[in-house]
Structure formats: structure tokens, C-alpha cells
Amino acid sequence: MTENFSKLDDCSEISEDLSAFIDGELAKEQLSKIYEHLLECRCCRQTYEEMKITQEAVKNYFKRSTEEFEIPEKSLKTKDNIIGKIIFIQKEKRIIYSAVALSFLAIISYFSISLINFNSPEKEVLHKVKFTKEKPVLTPLPQASKDFTKELKDKIIKKKTFSKPAL
Numbered sequence: 015m016t017e018n019f020s021k022l023d024d025c026s027e028i029s030e031d032l033s034a035f036i037d038g039e040l041a042k043e044q045l046s047k048i049y050e051h052l053l054e055c056r057c058c059r060q061t062y063e064e065m066k067i068t069q070e071a072v073k074n075y076f077k078r079s080t081e082e083f084e085i086p087e088k089s090l091k092t093k094d095n096i097i098g099k100i101i102f103i104q105k106e107k108r109i110i111y112s113a114v115a116l117s118f119l120a121i122i123s124y125f126s127i128s129l130i131n132f133n134s135p136e137k138e139v140l141h142k143v144k145f146t147k148e149k150p151v152l153t154p155l156p157q158a159s160k161d162f163t164k165e166l167k168d169k170i171i172k173k174k175t176f177s178k179p180a181l
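In the working numbering, the protein residues as written are 15 to 181.
Quick look at the structure:
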């Protein structure tokens, strides 16, 4: 009867050290003790075999998961096509945004130049230029009546005013 209890104690000790035995992490004395026990005890030997199979399965799983594998050529072409389309769309967007910004800038420039010209005072022409062979000659214009000068200025101002669009 005491032999059965000692055998159970041995089995529990062996099962605790079985993983270290498989990994080779035990001292020589413990290794020989476990080896002898495995030869005698069928239950512990079965546990040992199961643990060994599990360890091999785990090693093989990690080997397969870390091995390099070839990607099919069709997948690579598909990936390249998708990346090419994305780059094309990004370039297209950039061109569209640039064109919109440029047209907006052109419109703003046109209106600001028009406003500057509209607000600048008109210069009166006091001389008429006559070109001769030697040099240009400035001749004074005949004095027009004040009414004629005023009418001329009014016509120029009317040409520059902007008409508001009807809503």
C-alpha cells in the first residue's frame, strides 16, 4: 500500500518536471530518474508522448507561419493597378484644385484691376503730338468749352461703370 502512495507521489513529481525534461532543462540526476520512471510507468509515458506530440505541432505551426511564401503574380498585378489608380486620382484632384484656384485668382485680379482703373482720376490731354522727321513736336490743343470737356468726362465715366446683373 505504501508503494502505491509513493508511486503516486513519484508520478505527480514526474508530471511537474515532464515539460522541463522534454526541453532538456534538468540536471543529469533528475533526467535519469525521470527516464527510469517513464520506462516503468505507462501513464506517465503516455503523458510524455502527448506532450512531445504537442510540442512538435507547435514547432511546426510556428515554422509554417514564419516561412516566406510566394504571392501569386495576379495578386501583385492587381495591387499595382489599384495603387496606380489611387495615384492617378490624387494627381487629377491636384490638377482640378489648381485650376479652380488659378481661375479664382484670375477673376479676382480682373476685378481688382478694373476697380483700380475705375477709381483712378482721368488725365486731361493738353497737347497733341505731331511727328516730324527730326523729333516729335507737342502742340497745345485749342481750349474747348467747359461744357464739352464735362461731356467728354461723363462719357468716359459711363463707359467704365459696371452694370449690375438683374436678379
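Don't be surprised by glycine CBs; every beta carbon is placed ideally from N, CA and C.
Give the straight-line distance between the Cα atoms of residue i and residue j, rounded to the nearest whole angstrom.
i, j, result
"M65", "L52", "13 Å"
"K105", "A120", "22 Å"
"M15", "V72", "Low local confidence applies: a pLDDT of 40 at M15 is under 50, so the model's placement there is unreliable, with the coordinate-based value given in what follows. When rounded, the distance between both Cα atoms is 40 Å."
"L129", "S117", "18 Å"
"K107", "I85", "32 Å"
"K99", "V114", "22 Å"
"S46", "L40", "10 Å"
"G38", "K88", "47 Å"
"A182", "K91", "Outside the shown range of the chain (15 to 181) lies residue 182, about which nothing can therefore be said."
"I48", "D31", "8 Å"
"T68", "E43", "26 Å"
"S126", "I110", "24 Å"
"K93", "K77", "27 Å"
"Y75", "I96", "33 Å"
"D168", "F102", "56 Å"
"E63", "E70", "11 Å"
Have a look at the options and flag the residue whose alpha-carbon is nearest the alpha-carbon of residue i.
i, options, result
"T61", "L45, V114 and I36", "I36"
"S29", "L116, I67, C55 and Q69", "C55"
"C58", "I110, I103 and D24", "D24"
Using three-state DSSP, classify residue i as helix, strand or coil.
i, result
"F144", "In the sequence as displayed, the identity of residue 144 is Lys instead of Phe. K144: strand per DSSP, three-state reduction."
"E50", "helix"
"G38", "coil"
"I97", "helix"
"E106", "helix"
"I11", "Outside the shown range of the chain (15 to 181) lies residue 11, about which nothing can therefore be said."
"C58", "helix"
What does DSSP give as the partner residue(s) for residue i in the beta ladder?
i, result
"V151", "K144"
If you measure from the CB of residue i, is any heavy atom of the ligand HEM nearer than 7 Å?
i, result
"T146", "As presented, the structure is devoid of all ligands, the ligand HEM included, so that no description of it is given."
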